[in-house]
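Protein chains: 2
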Amino acid sequence: MEARMTGRDGGADIGPIGEFSPVVILVRPQLAENVGTTARAMANGGLFHLRLVAPRDGWPQERAWYASSGADRILDAAQVFDTVDEAVADLHHVMATCPRPRHIVKTVMTARGAASELRAIADRGLKAGLLFGPERAGLDNEDMARADVLIRYPLNPDFMSLNLAQAVLIMAYEWWMACETTPPRTLMTNETHVATKGELENFLGHLTRDLDECGFLRNEQKRPGMVRNLRHLFQRGEVTEQELRTMHGVVTELSNGRKARQQ
Amino acid sequence: MEARMTGRDGGADIGPIGEFSPVVILVRPQLAENVGTTARAMANGGLFHLRLVAPRDGWPQERAWYASSGADRILDAAQVFDTVDEAVADLHHVMATCPRPRHIVKTVMTARGAASELRAIADRGLKAGLLFGPERAGLDNEDMARADVLIRYPLNPDFMSLNLAQAVLIMAYEWWMACETTPPRTLMTNETHVATKGELENFLGHLTRDLDECGFLRNEQKRPGMVRNLRHLFQRGEVTEQELRTMHGVVTELSNGRKARQQ
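Chains A and B, in that order, are what the protein sequence lines are.
For my numbering, count along the first sequence from 1 and bump the result up by 22.
For my numbering, count along the second sequence from 1 and bump the result up by 22.
What follows is the structure in structure tokens.
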């Protein structure tokens, strides 16, 4: 069974594996499917090192591979330990996810704050681990005492319930975002480009001439305001050079249609 | 069936439903389970308004309620439409999630950028919708042409595959985070408090006296450096008043034990 899993075709290439990306440690996971969906969520956010502490049904479990949507390499390389102490022995920092920390004196970080700190830890060449508890009960007090800090996701306090893979996904997503440089907003222009003001002016000139010709702007008093309003509309968002060419065609064709009807 | 679903006991209280929180619109969803897990993810992040466009297996479907982990109220109130046009007709802004936009001229935002804009839209009293495509194929070109902007999550480009509920969860999480004020790092102290410098000094004085007494600091030349090093250690992170009291006890008991052995 193991050979089949490790050699399975169709495993997606999850990309280069960062040496110092944090280790995800599932403590006493119950369902093998959840280990698989966890691996998928890890791959989404660029976390690649998986450790299992005392998985309830033993390891390996073929169902994990089936649930991983191709994140095979993470499961193939997963390490199994009997105790949390053994699983964290070679790590320099341990953070434990904990939805409702109670009666405990501990540093608590948001997922975003933790991700930023995890990047800083990795940049220093130190190894960090993230503890996630069993599906039903979460981490116990002894587990949490082994962590430097707790991580608590800000979420709707009336509905905090996340499944294991979703909890891992949010942490993996924040890990990825902590180094992300994509601008929050951009215009995807493909073959064309954002129009210059000159190109826009050229179109507005064309439009105004044709509107003068057809009489739409015949009220001399209102004319400047009407032209300005059209200008405002076309300046509200970025327009591409290709779209202006289309609009030139639209204006020309509407004008020609009108002229043809007038003949 | 419907009465049972809408009246079901045990549905978690998802908290107050924001009037202007964005509408999640699932376009041609295939599996009712995914509608249920989507409702759960929405509740996590404080999104409450669900619309379905032409769900493949019809609606309602009991399986959705079972998969929602108690987000019943969202499913109970879900609205069904035949077309995207009908589903967005009363909205002022539409954003469409699209993992791999191609051959399209469109504004593309990150989930974080979109969430921030969605908050601004809501603050203006305008209604926004978020389009999510069918599980297998995603949104088609006609769907995307109905959106003001596309949303593309920054994720590991070698492994972008998210299931529907995970895609909704990331957007819901960012919606929640866009108004979140929890500090990225805090010390949960429960009944105690972060120690004042005076309380710390008091403990360090006790420790130094006992270390003088037992001879640990007998090297007069090294003594100042050794005391400074202990000071550095106890100043590295916040210490609580309770922990200092425990440490007072630890030092006293170790000293007493030594003295008892010496008698």
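All C-beta atoms, glycine included, are put in the ideal place defined by N, C-alpha and C.
This structure is a prediction, so every number in the text was calculated from the model and none was measured.
Quick check on DSSP: helix, strand or coil for residue 274/B? Looking at residue 274/B - three-state DSSP - the assignment turns out to be helix.
Can you find a C-beta in chain A that's less than 8 Å from the C-beta of residue 180/B? yes
Roughly how many angstroms separate the alpha carbons of residue 230/A and residue 219/A, rounded to a whole number? 16 Å
Are the segment 149-169 of chain A and the segment 226-240 of chain B touching by the rule of at least three beta carbon pairs closer than 8 Å? Contact between the segment 149-169 of chain A and the segment 226-240 of chain B is absent: fewer than three C-beta pairs spanning the two stretches fall below 8 Å.
In chain order, what residues of the same chain have a beta carbon less than 6 Å from the beta carbon of residue 148/A, not counting five sequence neighbours either side? 114
With contact counted as at least three CB pairs below 8 Å, one residue from each stretch, are the segment 130-149 of chain B and the segment 56-65 of chain B in contact? no
Measure the CB-CB distance between residue 118/B and residue 173/B and report whether it falls below 8 Å. yes
Measuring CA to CA, which of 112/A, 198/A, 138/A, 53/A is closest to residue 84/A? 53/A
Return no unless some Cβ of chain B is closer than 8 Å to the Cβ of residue 81/A. no
What does DSSP give as the partner residues of residue 154/B in its beta bridges? 48/B
In its own chain, which residues sit with a C-beta less than 8 Å from the C-beta of residue 346/A, not counting the 5 before and 5 after it? The first residue shown for chain A is 23 and the last is 285, placing residue 346/A beyond what the model contains.
First and last residue of the beta strand (DSSP E) that includes residue 328/A? Shown here, chain A extends from 23 to 285; a query on residue 328/A therefore has no answer.
Let me make sure I understand the geometry here. Which of 75/A, 89/A, 183/A has the alpha-carbon closest to that of residue 92/B? Nearest of 75/A, 89/A, 183/A to residue 92/B, Cα basis: 183/A.
Residue 186/B to residue 56/B span [Cα, whole Å]: Computed Cα separation, rounded: 7 Å.
Using 10 angstroms around the beta-carbon of residue 51/B, count the other beta-carbons present and answer buried if the total reaches 16, otherwise exposed. buried
Grab the span of the beta strand (DSSP E) containing residue 116/A for me, first residue to last. 115-119
Does the count of Cβ pairs from the segment 253-262 of chain A and the segment 208-223 of chain A closer than 8 Å reach three? yes
If you measure from the beta carbon of residue 130/A to each beta carbon in chain B, is any gap under 8 Å? yes
Kindly provide the ranges of any alpha helix (DSSP H) runs that are 4 or more residues long and lie completely inside the segment 226-281 of chain A, ordered along the chain. 245-257
Does the segment 198-210 of chain B come close enough to the segment 125-132 of chain A that 3 or more CB-CB pairs lie under 8 Å? Touching, yes.
Is the beta carbon of residue 199/A sitting closer than 8 Å to the one on residue 176/B? yes
Nearest to residue 90/B by CA position, among 116/B, 66/B, 255/B, is which residue? When the alpha-carbon of residue 90/B is set against those of 116/B, 66/B, 255/B, the nearest one is in 66/B.
For residue 73/B, which of helix, strand or coil comes out of DSSP? strand
Give the DSSP-derived three-state secondary structure of residue 218/A in the structure shown. coil
Using CA coordinates, which residue listed in 150/B, 159/B, 178/B, 180/B is at the minimum distance from residue 168/B? 150/B
Below 8 Å on the Cβ atoms is my contact criterion, and I expect residue 87/A with residue 58/A to pass it. Report the Cβ-Cβ distance as a whole number of Å. 6 Å
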